[in-house]
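For the sequence shown, my numbering gives the first residue as 33, with consecutive numbering after it. Built from N, CA and C at the ideal position, the CB exists for glycine as well. Keep in mind it's a predicted model, so treat the numbers as computed, not measured. Everything on this sheet refers to the single structure shown next.
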Amino acid sequence: MPKTMISFAIDDYRYNLRAAAIILNSGRVLLHQIEGDAFWCVPGGRVDAGESAAATIVREMQEELSEQVICEKLLWTVENFFAYRGQKHHELGLYFLSHLHPDSRLLNTLGPYWGNEGHLQLRFEWFSLPDLGNIDIRPSFLVNALNAEQFNLPHWVHHEIE
Numbered sequence: 033m034p035k036t037m038i039s040f041a042i043d044d045y046r047y048n049l050r051a052a053a054i055i056l057n058s059g060r061v062l063l064h065q066i067e068g069d070a071f072w073c074v075p076g077g078r079v080d081a082g083e084s085a086a087a088t089i090v091r092e093m094q095e096e097l098s099e100q101v102i103c104e105k106l107l108w109t110v111e112n113f114f115a116y117r118g119q120k121h122h123e124l125g126l127y128f129l130s131h132l133h134p135d136s137r138l139l140n141t142l143g144p145y146w147g148n149e150g151h152l153q154l155r156f157e158w159f160s161l162p163d164l165g166n167i168d169i170r171p172s173f174l175v176n177a178l179n180a181e182q183f184n185l186p187h188w189v190h191h192e193i194e
């Protein structure tokens, strides 16, 4: 029986519980872009009912990119309010420090790397942390959070209006 993602409509909003992977390597972060979108985001996905957020990250990276990851510690909990493809969203995001397997092709080749999200293609690339301010990354708090001297566990409430 297929699992049910924690995502539902309430009033005018789509509510999601999302787990996201912060994968760092040599001063860079791994981001992905969904076919048809102009912005980049960190990999992850919606948590299935009965699934831990860390397990979601492991599953999503395997499904989307055929990569093994180790999900380490929770970095940030983010309430994110945004509009996407005409729908308002209220998302609770759990952002985890994660690591690729030491033999990962992503650590040993330049990229870009290609994956799939259902019928849509995903493009994965490494971006230098100091250069994040030059790209459209969502949620935009990541530019400052990823360039902080030390990762801590703040609570962000983020409203992104298009």
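* R155, DSSP secondary structure in three states -> Here R155 carries a strand assignment [DSSP, helix/strand/coil].
* Asked: Just checking my contact of F128 with H122 at CB under 8 Å: how many whole Å lie between their CB atoms?
  -> With a beta-carbon spacing of about 21 Å, F128 and H122 fall beyond the 8 Å limit used to define contacts.
* Asked: Based on Cα-Cα distance, which residue from P75, Q119, L178, I42 lies nearest to L132?
  -> It is P75.
* What's the call for A51, buried or exposed, on a 16-neighbour Cβ count within 10 Å? -> Looking at its Cβ environment, which holds 16 or more other Cβ atoms inside 10 Å, A51 is buried.
* Asked: When DSSP labels each residue in this structure, what does M33 get in the three-state scheme?
  -> Interpretation of M33 is limited by its pLDDT of 48, a score under 50 that renders its predicted location unreliable; no figure is taken from the coordinates.
* Asked: Exposed or buried, what is N148 when buried is set at 16 or more other beta-carbons lying within 10 Å of its beta-carbon?
  -> N148 comes out exposed.
* Bridge partners - E192, DSSP secondary structure assignment -> In the DSSP output, where bridge partners are listed per residue, E192 has F114.
* Simplified DSSP assignment, three categories, for A53 -> A53 falls in the strand class under three-state DSSP.
* Asked: By how many angstroms is the C-alpha of I42 removed from the C-alpha of I55?
  -> So the alpha carbons of these two residues sit roughly 32 Å apart.
* Asked: Between L161 and I89, what straight-line distance do the alpha-carbon atoms span, to the nearest angstrom?
  -> Rounded to the nearest whole angstrom, the C-alpha separation of L161 and I89 is 21 Å.
* Does the distance from the CB of W72 to the CB of L63 come in under 7 Å? -> In contact: W72 and L63 (Cβ atoms closer than 7 Å).
* Locate the alpha helix (DSSP H) running through F128, then write down its first and last residues. => Boundaries for F128: no alpha helix (DSSP H) harbours it, while the beta strand (DSSP E) harbouring it runs 119-132, taken from the DSSP string.
* To do: Rounded to whole angstroms, what's the CA-CA distance from N179 to H151? Just pull it up for me.
  => Distance between the alpha carbons of N179 and H151: 33 Å.
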